[in-house]
Every structure is written in C-alpha cells, then in structure tokens.
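These protein sequence lines are chains W and Y, in that order.
Numbering-wise (the numbering used here), the first sequence opens with residue 68 and increments by one.
Numbering-wise (the numbering used here), the second sequence opens with residue 122 and increments by one.
Step one of this worksheet: look at the structure below.
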Amino acid sequence: MPSTTPKTSARSPRASHLELARQILDHVRARGLGPGAHLPEQALATACNVSRTPVRAALNLLVTEGLVTHTGDAGYRLAPAFSTASALSNTLPQTSDRDLTARILRDRAGRRLDETVTVGELMRRYSAARSAVTQALGKLAEDGLVTRAPGQSWLFSPLPDDPESQADSYDFRLILEPAALAPGFRFDPDRAAALRRAMIGFLAEPDHRLDPRAFQSLDSEFHGLIARGAANRFLGEALLGHLRLRDLPGTSTRLNVVRLRQAMQEHLGILDQMEAGRFDIAADLLRVHLRLSRSQRPQAANRGAPPLFGLTFRAGGPDA
Amino acid sequence: MPDAPLIAFFPEASFGAALNCVGIARELQSRGARPVFICHPGFTGIFADYGFQEYHLPSTGPAQPADYWQAFIRRHLPHFNLSPIDQIETYVAPTWEAIVDTAIAAEAPLAALLARLRPDLIVLDNVVMFPAIARAACPWVRIISCAETELADETVPPYLSGLASDDRTGRAAFLQRYLKATAPAQDRYNRFRQSAGLAPLAPGQFLEPSPDLNLLLAPSVLRHDRATPLDPDQFTFLEGCVRHEGPYELPDFPRNEGPLIYVSFGSLGALDMGLMERMMATFATIPARFLVNAGALREAYRSVPDNVHLEGWYPQPSVVAMADLFIHHGGNNSFCEALYHGVPSLILPYCWDGHDNATRAEETGTGRRLNRADWTAASLSAAIRGLLSDDAMRARLKANARQMKAAPGVETAATLILKTAGAGSKALAPADHQRMARHEG
C-alpha cells in the first residue's frame, strides 16, 4: 500500500506576533518593497507603534516562513524569492485559538458536524477545554455563523460556500459593491499599485501553478480595496464583514484555470478605470464581473435528460 | 484573426463528452483556430467557463415538470442495480427514446444556427446523428467518447452489454433483446432521418461514421482485436483526451494519513446518496484519505467520516494525478483520466458503457469491477486494499501512462481536425507533423 501520509504542522505562534507580522507585510506592500529590501527594526517599531522586541519576534516568524532572511551583518531583509503575491497570500500560520475555530468550521463545511452541536460534543471531539470551545463558538457567533439554541446547543447557519449562500452573496454584492464606488470613493493608490503587481505576477504563472488559494487571497484584497474606499462607513463595514465570511476556512474556490485568469483580467480592467479616476465605469465593470463570476453550470446532466439546475431534494425520494 | 478556422463543437449534454471536447478545443485554440460550442437546451455555462463562445439551442415542446429529476432518480435508481441485459428494457430503451426526441427537437434550430455560423468544420461528440450536420456544407468529425464497443464488430462485445470478449452465448442473447427493445425508437429515428433526407441506419444504429474523420477515445491498452479492422484513413484511435486543470491543494483531513483515493460517479451517480453513504461508512474503516465528489447533494450529507472530504466539484484531472486509486462509474472520460495518470480504477458501473469499461478493466488488468448491487463492506474494503497493494498493476499502469503521455490525444485530435478542416498547413507545428506521422505509422 503506498504511503503518502502528509506532514502535519503543529505550529501555533502567539497571536500578537502573528498580527504584527501581518502589519509588517502590509507595510512592505504599501511601500512596494522587493526582494533584498532592508527591514530596519526601529523603523518598523515606529511604524507599528510597538517596541523593537515584538518586532524582532514577528520578523523571526517571517524568517521561519521563508519571507525574510536574517544575517548578523545585513540585519533583516526581504527574502530573494519574496513577491508581493506571497505577501498577500495566507502563508502565515494560524494561532491556536483561531485554529479551533477553523477546525470547527472545516468540519461543519465537510459535514462532519451536524447542524446542531453541543459544547460537550465539541470538547470531546477536539480534546479542548470548555473555555476554548465557548470562546471559539463566541467568535463564530460574532460572524453570524452560529446561534445559541435552547439548552447547551448551538445551531450553525448556512456557511458562506453553501450554494444558496453563494447565490445570496452574489446578489448582496451586486447591490452594494458598485455603490461603494459612488462619488466620495477614497482610492488607495499605493495599495492598488501593489495589488496590480501581485495580480500581474499571478497571471504570469503557467496553468499548472495557478494556485486557487492565491487567487482567493488576491480576490479578497481586490474587493477589500473597494470596500475600504467606500465613502459611506456603514456600506464599507458591511462589505468588509461579508468579505471576511468569504475568507473563512472551509470555503474554497471552485473555478477552473481559465475562469481564474478571466476573473483576474476583469479585476485589472476595473483597476485601470479606478486608477484613471473613472469610478462610474469601474462600477459598471464590477457589475459585469460579479455577474460573470456567478456559476451558471448545471449541477447534473445525463444523455436524454434536461440538465438539472438547483436541487432541494434528497435523492431516492422519501424512502431513502 | 479573420481566417482562423471556425470549429463548431456539438457535444451531447453530459459532462464526460463536454469536458473531453473542452480539452480538444483548448488545444485548437492554442493553434489559432476559433472553437465555439453549440449547446443542448439548458446545458450551458460549462464552455463559457472555459472561455468559449456558446450558442444555445432553444427549448422546444412543453417545459419539464419541476420534479423531473426527483422522478428520474426515483424511477431509475432500482434499474441501476440490474444486470446490463436487464437494463435494456428498463433504462436503455427509454433513454434511446429520449435521445431520439432530442434529435428531432434540435433539428430545425440546429440547421438555422449552422446556416448562420457557417463553420469550417463540425465536431459531433454524441450517440445520435443530427441530419442538419450532414447537410451543412462542411466536413464533420465524429468523436466516439464512449467505450470502443460503441463501434460494433463481430469480435467486440455488444455496446452496453458489459460482456467479456469471449462470451459468444451472452452476445447472441444480449443482441436479440437489445435489437427488439430498441426497435421502436430506432424505427422512429429512421423515419425522421428519411424525412430529413438521410438514409436509414441498420437495426440498433443511431449514428453513422463520419466520411471525413472519426476519433475514438480508446487507449491502446484497452483496445479490442477487431474482426474487421477500422480503416486508418477514416478512424483514428486516441490515447484518451485528458484536459489540463490548475493545481488542487489537498484539504486538511482530521484523520490525515494513508494513501489518497478519489471517488466520483459523475453528476448522475452523485445523486445516489444512499450508495455514497453506505460506501463512506466503509471508507471510515480504511486507513486512507478519500476525496468524494458529492455533486449537487454535498450539503445534504451528515456525519461524514474524518478521513473523507466532500466537494461538489473537483478539477478532476489534477486530483486523479495525485490519487493512488480512483473509484468511479466507468465513464469513459474518467477511465481514460485514470489510465493517463497511471492510477488503478475500481469501477462500480451503474449504466451505459460503464458496464463495458468495468469488464474491460478486469480483462486488461487496469482495474477491478465491483457490482453496484451486491457489494458488502468486506468486499469493498478488500477490493480497495487489494488494488492499493497490487504493485504489479501499478507498475504496468505507470508504464502505460508514459506511453499515453507521449502521444497526447488532445494534440493528435487537434492536428487531425485542422487537417480535415483544410487549415492544417498554416497552424501545424513541425513537432505535430512528426507526432501525427508516428501515430499513423
């Protein structure tokens, strides 16, 4: 029997160091720094409003992840293979508390957990303390992914990548996202320039290396750029909250390489208009992009039978 | 590109034929041709997702009732447990009736569309002929993307029979029942052909070979010895037609150990949730990781084992390439993908040429067959473990895969299609000429 057991990683860095590492990557991206660029500890500490000790810990975390190199003479520098795309990808590990939330979501998305769960059940399944499980459920509740049911139970809401949720998600975004580009939109040119470089880098990859997760990360960055620029605070918050849902563990991109490339080209076309200040045209292109992104494929097909769209029954009828 | 040859693909409304055509169309596109797709009513979106222009044939006749698929599954699930010969009257004959309906309904809009499009060549990947294609003023190519049995021969088991190559008694009995049961649909189809100016076909036949080019998706390792060899000027065997997809990143399984097994019964088979749940209960007892294509019903599952991951869609060729074993329904596309990547197949056929491929997998030592109706947890587990530990089969399959990859079907198909369209000389690279010469030699 071939043995292809994957290596598992049990890394769980401190949440504060992880957050700081993300801030440093944001800083790098905003300044368009490339491979070999020097990362002075003091400048980063000032930029992130912390002391040098946590900055060093965060930089060491980035060294572990291969994004940064460190030598005694040269200090910390961006690794030779560093790209903005890798800085935008979710290459950083999860913290332990995020990990439990992620595992719960992964197992609900995988239909290993039923719609209703109890704290005790989750404590046994994950060998976790009551406080950790309660905290994880609390985080999920903040995102509207679980609600308290009578007794000790919690009830899962439909997850973002359920087909019905996806349809609702596209409708929601079609209503709100183009509106974010209305007059008053605050365009972030530095972020946009870094994003453009990363998107062009993505498109330069051959098909067999076109990573759907890298796409997901860039997609999130792109739509986040629009949400963060919205003049209306509530609109921006609603869109960012929704984007966070789409980035949750257990959600995946089910697009073929051709559509991944098309969607990225559409992003670049919208970005062109935004950079030229034609936000009304960008909004129109965004509507088209969202409509094209909504899958229109049949769910089942068979010779001699009309294709099947949508499905709300349990196969085999009432007896199955 | 005004002089790019326009190649109109018309695959049947099934994912196997559709995705096989996508593979060839992408290759044609890379050589400067302009492939477009003609879609059966409703069978849309698949080709647009791959960046191709779609032309939709309109629905005609009364709309299907909302519960069409519920009724379809309820009616046919029991039939899928029958032997191939007992499926003739229950599943095969009604399906041919429906296919004939489809051909008749498509005729007028298809003729109008082809007159507007004026393609340089039409590629038909179907099981029935559309007279409008024969009447179009361009060559047409037939792709036989079912098992090789679709092209009858004295020494090839009858199409859809699942019979062994040497079962002469079974052959006579099967053919007798098949011809009788399909006669009403075939008579009706022949009348339709004659009314459209085409000659009637022999009993049991619904599609003639193209006079221009016929491509069979039958890798060498599966081919039958024919009593009457196919004319090499008219028929070309392809080593499968496997398309390329992007990379697939493995999910994180709670029980993350052991070999990787991919399970997919196609979009129709995925609707048999009862079978899938019983299989998953057995998967839970095996030290392996299972990627299961749950199709449209992913959300309806409960208590999925920790070593099983469900998805509604996979980039199948990329997943098969990573797998140690592929459990499938014997669809020709799936079987070819397994062979192309040197992966053994465990086939649980439920209908059509899945039966033929399951038997052929046993005969050629490329996989194993398990009966859908009477497997047990013990027999399924033994079959999986047996295939995973069959090093001789694995070595044979890897060697065969190297041969298949040396003569990729999509490239051979694209070369021959362009040549038939009369556009080959401007778009063919020298390497293609050499490869084609080798293949034909």
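The C-beta atom is built at its ideal place from N, Cα and C for all residues, glycine as well.
These numbers come from a predicted model, not from an experiment.
In or out: isoleucine 167/Y buried (at least 16 other Cβ within 10 Å) or exposed?
If you number the second sequence from 1, residue 167/Y lands on position 46. Buried, because 16 or more other Cβ atoms sit within 10 Å of the Cβ of isoleucine 167/Y.
Name the residues in the segment 168-188 of chain W whose C-beta lies less than 7 Å from a C-beta of chain Y; which are they?
Arg173, Asp174, Gly177, Arg178, Arg179 and Asp181
Excluding the 5 residues flanking alanine 304/Y on each side, which residues of the same chain have their C-beta closer than 8 Å to its C-beta?
The count along the second sequence starts at 1 and reaches residue 304/Y at position 183. For alanine 304/Y, where only same-chain residues beyond five positions count, the Cβ hits under 8 Å are Pro324.
Here's a check: name, in chain order, each residue in its chain whose Cβ is nearer than 7 Å to the Cβ of cysteine 472/Y, leaving out the five neighbours to either side.
Here residue 472/Y is taken as the residue at index 351 of the second sequence, counted from 1. Scanning its chain for C-beta atoms nearer than 7 Å, with the 5 sequence neighbours on each side dropped, one finds around cysteine 472/Y the residues Phe201, Gln208 and Tyr212, in chain order.
If you count every other CB in all the chains shown that lies within 10 Å of the CB of alanine 542/Y, and 16 or more means buried, which is it?
In the second sequence, the residue the question calls residue 542/Y occupies position 421. Burial state of alanine 542/Y is buried, judged by a 10 Å Cβ sphere holding 16 or more other Cβ atoms.
Provide the residue span of the alpha helix (DSSP H) that contains proline 20/W, from first to last.
A question about residue 20/W goes unanswered here, because the residues of chain W that appear run from 68 up to 387.
If you run the structure through DSSP and keep just helix, strand and coil, what is isoleucine 407/Y?
For the purposes of this step, residue 407/Y is taken as residue 286 along the second sequence, with counting starting at 1. Coil, per DSSP.
Specify, as a first and last residue, the run of the beta strand (DSSP E) that isoleucine 265/Y falls within.
By 1-based counting over the second sequence, the position of residue 265/Y is 144. Following the DSSP letters along the chain, one finds isoleucine 265/Y inside the beta strand (DSSP E) bounded by residues 261-265.
Would you identify the three-state DSSP class for proline 156/Y, choosing helix, strand or coil?
To locate residue 156/Y, count along the second sequence from 1; it is residue 35. Note: proline 156/Y maps to strand in three-state DSSP.
Boundaries of the beta strand (DSSP E) in which tyrosine 99/Y is found, first to last residue
Outside the modelled stretch of chain Y, which goes from 122 to 562, sits residue 99/Y, for which no answer is possible.
In angstroms, rounded to a whole number, what distance separates the CA positions of alanine 110/W and serine 287/W?
Indexing the first sequence from 1 puts residue 110/W at position 43. Indexing the first sequence from 1 puts residue 287/W at position 220. About 28 Å.
Straight-line gap, leucine 204/W to aspartate 166/W (C-alpha atoms, nearest Å):
For this step, residue 204/W is matched to residue 137 along the first sequence. For this step, residue 166/W is matched to residue 99 along the first sequence. Approximately 12 Å between the Cα atoms of the pair.
Taking all protein chains shown into account, decide if threonine 113/W is buried (16 or more other Cβ within 10 angstroms of its Cβ) or exposed.
Residue 113/W sits at position 46 when you count from the first residue of the first sequence. Threonine 113/W comes out exposed.
Would you call the CB atoms of proline 470/Y and glycine 488/Y closer than 8 Å?
As a first step, residue 470/Y is located in the second sequence; it is residue number 349 there, counting from the start. As a first step, residue 488/Y is located in the second sequence; it is residue number 367 there, counting from the start. No, the Cβ-Cβ distance between proline 470/Y and glycine 488/Y is not below 8 Å.
In angstroms with no decimal places, state the Cα-to-Cα distance between arginine 422/Y and glycine 507/Y.
Taking the second sequence and counting its residues from 1, the one referred to as residue 422/Y is at position 301. Taking the second sequence and counting its residues from 1, the one referred to as residue 507/Y is at position 386. The sequence given here has tyrosine at residue 422/Y, not arginine. Answer to the nearest angstrom: the Cα atoms are 28 Å apart.
Using a Cβ-Cβ cutoff of 8 Å, what residues of the segment 191-213 of chain Y are near chain W? List them in chain order.
Gln191, Phe193, Ile194, Arg195 and Leu198
Since threonine 183/W and alanine 216/W are thought to touch, with beta carbons under 8 Å apart, how far apart are those beta carbons, to the nearest angstrom?
Against the first sequence, residue 183/W aligns to sequence position 116. Against the first sequence, residue 216/W aligns to sequence position 149. 6 Å between Cβ atoms; contact.
Exposed unless 16 or more other CB atoms sit within 10 angstroms - verdict on glycine 463/Y
By 1-based counting over the second sequence, the position of residue 463/Y is 342. Counting Cβ neighbours within 10 Å, glycine 463/Y comes out buried, since at least 16 surround it.
Chain Y within 8 Å of serine 224/W, Cβ atoms only
For the purposes of this step, residue 224/W is identified with residue 157 of the first sequence, where counting begins at 1. Not one chain Y Cβ lies under 8 Å of serine 224/W.
Checking the sheet assignment: what are the DSSP bridge partners for glycine 488/Y?
Taking the first residue of the second sequence as position 1, residue 488/Y is located at position 367. Glycine 488/Y pairs with Ser466/Y.
On a CA-only basis, which of Arg178/W, Arg170/W, Pro227/W and Gln340/W is nearest alanine 199/W? Give me that one, please.
Here residue 199/W refers to the residue found at position 132 when the first sequence is read from its first residue. The option with the nearest alpha carbon to alanine 199/W is Arg170/W.
Classify arginine 152/Y: buried if its beta carbon has 16 or more other beta carbons within 10 angstroms, exposed otherwise.
The count along the second sequence starts at 1 and reaches residue 152/Y at position 31. Flag for arginine 152/Y reads buried.
Between the alpha carbons of alanine 195/W and glycine 187/W, how many angstroms are there, rounded?
Working through the first sequence from its first residue, we reach residue 195/W at position 128. Working through the first sequence from its first residue, we reach residue 187/W at position 120. Answer to the nearest angstrom: the Cα atoms are 10 Å apart.
For phenylalanine 356/Y, write down the residues that DSSP places opposite it in a beta bridge.
As a first step, residue 356/Y is located in the second sequence; it is residue number 235 there, counting from the start. Its beta-bridge partners are Asn335/Y.
Cβ closer than 7 Å: which chain W residues qualify as neighbours of arginine 423/Y?
Residue 423/Y sits at position 302 when you count from the first residue of the second sequence. Ordered by position in chain W, the residues that pass the 7 Å Cβ test against arginine 423/Y are Arg178 and Asp181.
Alpha carbon to alpha carbon, what distance is there between valine 248/Y and arginine 376/Y?
Along the second sequence, one-based indexing puts residue 376/Y at 255. Along the second sequence, one-based indexing puts residue 248/Y at 127. The straight-line gap from Cα to Cα measures roughly 43 Å.
According to DSSP, is phenylalanine 346/W part of a helix, a strand, or is it coil?
Taking the first sequence and counting its residues from 1, one reaches residue 346/W at position 279. DSSP places phenylalanine 346/W in helix when its eight states are reduced to three.
For asparagine 369/W, which three-state DSSP category applies?
Stepping through the first sequence from its first residue, residue 369/W is reached at position 302. Looking at asparagine 369/W - three-state DSSP - the assignment turns out to be strand.
Mind checking if histidine 345/Y is an interface residue toward chain W, Cβ cutoff 8 Å exclusive?
For this step, residue 345/Y is matched to residue 224 along the second sequence. Output row for histidine 345/Y: interface = no.
Which first and last residues belong to the alpha helix (DSSP H) in which histidine 450/Y is found?
For this step, residue 450/Y is matched to residue 329 along the second sequence. Note, histidine 450/Y: premise wrong, no alpha helix (DSSP H); not H, not E.
Using 10 angstroms around the beta-carbon of histidine 197/Y, count the other beta-carbons present and answer buried if the total reaches 16, otherwise exposed.
For the purposes of this step, residue 197/Y is identified with residue 76 of the second sequence, where counting begins at 1. Its Cβ being crowded by 16 or more others within 10 Å, histidine 197/Y is buried.
Using a Cβ cut-off of 9 Å, pull out every chain W residue sitting near leucine 412/Y, in sequence order please.
Residue mapping note: residue 412/Y aligns to position 291 of the second sequence, counting from 1. Neighbours of leucine 412/Y in chain W, taken as residues at a C-beta separation under 9 Å, are lacking, since the least C-beta distance is about 11 Å.
What residues in the segment 163-189 of chain Y bring their beta carbon closer than 7 Å to a beta carbon of chain W?
Gly163, Phe164, Thr165, Gly166, Ile167, Asp170, Tyr171, Gly172, Gln185 and Tyr189
Listed from N- to C-terminal order along the chain, which residues in the segment 358-381 of chain W have their beta-carbon within a distance smaller than 9 Å of any beta-carbon of chain Y?
Leu359, Ser362, Gln363, Arg364, Pro365, Gln366, Ala367, Ala368, Asn369, Arg370, Gly371, Ala372, Pro373, Pro374, Leu375, Phe376, Gly377, Leu378, Phe380 and Arg381
Beta carbon proximity, alanine 304/Y to chain W, threshold 8 Å:
The residue you call residue 304/Y lines up with position 183 of the second sequence. Taking Cβ atoms only, chain W never reaches closer than 8 Å to alanine 304/Y, which makes this a no.
Close beta carbons around asparagine 311/Y, own chain, < 7 Å, minus the five adjacent residues each side
Stepping through the second sequence from its first residue, residue 311/Y is reached at position 190. The beta carbon of asparagine 311/Y sits closer than 7 Å to those of Pro321 and Leu322, all from its chain and outside the five residues before and after it, given in chain order.
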